[in-house]
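Student:
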Amino acid sequence: MELTVAQGSLTDTVTPLLVVNLFQDADALGGATAAANEALGGLLGRLRAAGELRGKLGETVVVYNQGSALRAERVLVVGLGPRAEFGLEAVRRAAAAVARRARELRVAEYVTVLHGAGAGGLAPQEAAEALAEGTLLALYRYDHLRTVSEDERFEVQRATVIERDAGRLPAIRDGLRSGTLLAEATITARDLAQGPANIVTPAYLADQARAVAERHGFACQVFGLDEIREMGMGGLLAVNQGSATPPRFVVMRYQGPGARKRLAVVGKGITFDSGGISIKPAENMHYMRHDKSGAAAVVGFMQAARALELPIEALGIFAATENMPSGSAYRPGDVIRSRSGKTMEIMNTDAEGRVILSDALTYAVEQQPDAIVDLATLTGACVVALGHVASGLFSNDEQLTALMRQAGEASGERVWPMPMWPEYGALIRSSIADIKNTGGRAAGAITAAWFLRHFVQDRPWVHLDIAGTAWTEGAWGELPPYLLKDAATGVGVRLLVHFVRQWVA
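1319 is the number of the first residue of the sequence shown in my numbering; add one for each residue after it.
(1) Less than 8 Å between the CB atoms is what I'm expecting for residue 1663 and residue 1602, so what's the real figure, rounded?
(2) Could I get the ranges of all uninterrupted alpha helix (DSSP H) runs contained in the stretch 1466-1521, with 4 residues as the minimum, in chain order?
(3) Which runs of the beta strand (DSSP E) spanning at least 3 residues fall entirely within the stretch 1701-1746, listed in chain order?
(4) Exposed or buried, what is residue 1707 when buried is set at 16 or more other beta-carbons lying within 10 Å of its beta-carbon?
(5) Nearest to residue 1801 by alpha carbon, out of 1369, 1455, 1444 and 1393?
(6) Return the CA-CA distance between residue 1701 and residue 1788, expressed in angstroms with no decimal places.
(7) Looking only at its own chain, which residues have a Cβ that is under 6 Å from the Cβ of residue 1354, when we skip the five neighbours before and after it?
(8) When DSSP builds the beta bridges, which residues end up paired with residue 1572?
(9) Tell whether a beta-carbon distance below 8 Å holds between residue 1448 and residue 1416.
(10) Taking the straight line between their C-alpha atoms, what separation do you get for residue 1820 and residue 1580?
(11) Let me confirm a value: residue 1384 is counted as buried when at least 16 other C-beta atoms fall within 10 Å, else exposed. Which label applies?
(12) May I ask which residues mark the beginning and end of the alpha helix (DSSP H) holding residue 1679?
(13) Mind checking residue 1565: buried by the 16 CB within 10 Å criterion, or exposed?
(14) Assign residue 1322 to buried or exposed, taking buried as 16 or more other Cβ atoms, counted over all protein chains shown, within 10 Å of its Cβ.
(15) Let's test the definition: count the other Cβ atoms within 10 Å of the Cβ of residue 1575 and tell me whether it reaches 16, buried, or not, exposed.
(16) State the start and end residues of the unbroken beta strand (DSSP E) segment that holds residue 1785.
(17) Which residue comes first and which comes last in the alpha helix (DSSP H) that contains residue 1619?
(18) Could you please give the first and the last residue of the uninterrupted alpha helix (DSSP H) stretch that includes residue 1539?
(19) Distance check for residue 1683 and residue 1714, CA to CA, integer angstroms please.
(20) Go ahead and pull the three-state DSSP assignment for residue 1455.
(21) So, do the stretch 1619-1628 and the stretch 1589-1602 have three or more beta carbon pairs nearer to each other than 8 Å?
(22) Go through its chain and collect everything with a Cβ distance to residue 1781's Cβ below 6 Å, but skip five positions before and after it.
(23) Identify whether residue 1808 lies in helix, strand or coil by the three-state DSSP scheme.
(24) According to DSSP, what are the bridge partners of residue 1586?
(25) Are residue 1388 and residue 1329 touching if we call contact CB-CB under 8 Å?
(26) Please report the residue range of the beta strand (DSSP E) in which residue 1338 lies.
(27) Measure from the alpha carbon of residue 1483 to the alpha carbon of each residue in 1404, 1325, 1590 and 1398, then state which is nearest.
(28) Residue 1420 and residue 1435 - do their beta-carbons sit closer together than 8 Å?
(29) Would you kindly work out how many angstroms separate the C-alpha atoms of residue 1665 and residue 1542, rounded to a whole number?
(30) Which same chain residues, not among the five before or five after residue 1382, have their C-beta less than 6 Å away from its C-beta?
(31) Hey, which unbroken runs of the alpha helix (DSSP H) at 4 residues or more fall wholly within the stretch 1342-1390?
(32) Please classify residue 1753: does DSSP put it in a helix, a strand, or coil?
(33) Cα separation between residue 1425 and residue 1806?
(34) By DSSP's criteria, residue 1324 is part of a beta bridge. Which residues make up the other side?
(35) Under 7 Å Cβ to Cβ from residue 1722, same chain only, skipping five residues before and after it: list those, please.
(36) Over what stretch of residues does the beta strand (DSSP E) that includes residue 1653 continue unbroken?
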């Protein structure tokens, strides 16, 4: 889908669908909506008075033009919600609702005002970026493996932002471009996370990372089984030993223009998680294809960093393997030596993500970055604590915590800080090894983060537990319109971009 901006008057624009907006608590119609209302002979005002136009966030009402002065065939009014709660996320949701409704109406192209750049008080470039994100992510479908009917093949081809002020066109154009690049990188992550385990194997995941790097012009190294042995990655080897599919370790490198800081982004790449010997219940095990969402986010972020030319040096690192039960699988009670030299007692083979991350984080530390961020679908305990609304944030650095929280609000991928007091770390002490890989049910997300903390040394570090936000289930209920039921979200890509923008500012 193409997103463009054009100078002009909305009342003079010829289009099958013209999009305007409305705040829920607006006393009167204003701006472009008022102009459309006047051209329609006051129809929108009458609908507002009758209660049909309520302005609830994401709510859409379509009005057909019956020969008025307006040159659009239809007018769609999208709600922006309460003015006090309005922000970039509201722009994304409104734009997403519009895009989906346009597809339902089988409209190939439409013209829209820029939500939030007027009465909403947002900068035109920010509003345009959010509009592009919401529009493109709402229209995403994972159709690679199913037969698509002729009716389903229809797609919206173009949306044009109409703007009277020529001076604002460059900023809007830049925002649409950056929003498109952010959405495309998020879709890369969605595709990798959504793909089934029989296709997206560790080798496939590594090959796709290499393909993204080649396509966008940055470096990528892929290490196979023999090299992983030589690198002493005992955690990755232990988790992999129950699988017939060999592991991969991937390092992506991007050097941005004028880079002054080095960021290592580390992802968990379990392409399928059966739980191993500590096997999971059969119900919902199919969702464990999403256990590679951290690695998928790393690939998507690296694509976005290069496409947006972020001014950093970025390292994208992930370990990829299956976690399977077999006669050769690692066992509860085993003691594993990681690349760092630290030993870990395996209490539960379903706590495997932290085991492979021990090696990936050690490798990241060796590259001497200014900060490390890891993303992992690590614990069900985090879902219990935060549900599907926010990712858990664990850190050893208050400044990074504050920046990541701000990035979460700006991107719509919210995070919430969790405590890392020493008492929690005591729960993973082992009597026969340096640490054990789980401290039991109590504070499960925190003890998992404490396990990872042992491998970052004194480097500023953020761990993001995305177990509750990496994919959607039917139990989510009412989803933001740019998400789908039973689908990967691509969480982390846009969050990390917003984080970097603030970190280097």
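All residues carry an ideal CB built from backbone N, CA and C; glycine is no exception.
Tutor: By the coordinates alone:
(1) Contact doesn't hold; Cβ gap of about 28 Å is too wide.
(2) For the stretch 1466-1521, the continuous alpha helix (DSSP H) assignments of 4+ residues that do not extend past its boundaries occur at 1487-1512, in sequence order.
(3) 1709-1713 and 1733-1735
(4) exposed
(5) 1455
(6) If you draw a straight line from the Cα of residue 1701 to the Cα of residue 1788, it is about 11 Å long.
(7) 1338 and 1393
(8) 1632
(9) no
(10) 14 Å
(11) exposed
(12) In the DSSP assignment, residue 1679 falls within the alpha helix (DSSP H) that extends over 1671-1684.
(13) buried
(14) Label assigned to residue 1322: exposed.
(15) exposed
(16) It is not in any beta strand (DSSP E) - residue 1785 carries neither H nor E in the DSSP assignment.
(17) 1611-1625
(18) Looking at the DSSP string, residue 1539 is not in any alpha helix (DSSP H); the run it does join, the beta strand (DSSP E), is 1537-1541.
(19) C-alpha separation (whole angstroms): 14 Å.
(20) helix
(21) The stretch 1619-1628 vs the stretch 1589-1602: no contact.
(22) 1692, 1712, 1767 and 1770
(23) coil
(24) 1637
(25) Note that the C-beta distance between residue 1388 and residue 1329 is below 8 Å.
(26) First-last of the beta strand (DSSP E) with residue 1338: 1336-1340.
(27) 1325
(28) No.
(29) The alpha-carbon separation between residue 1665 and residue 1542 amounts to approximately 27 Å.
(30) Result list for residue 1382: 1392, in chain order.
(31) 1349-1357 and 1361-1367
(32) The answer is strand: DSSP assigns residue 1753 an E or B state.
(33) Going from the Cα of residue 1425 to the Cα of residue 1806 covers about 27 Å.
(34) 1480
(35) 1711, 1733, 1780 and 1817
(36) 1653-1655
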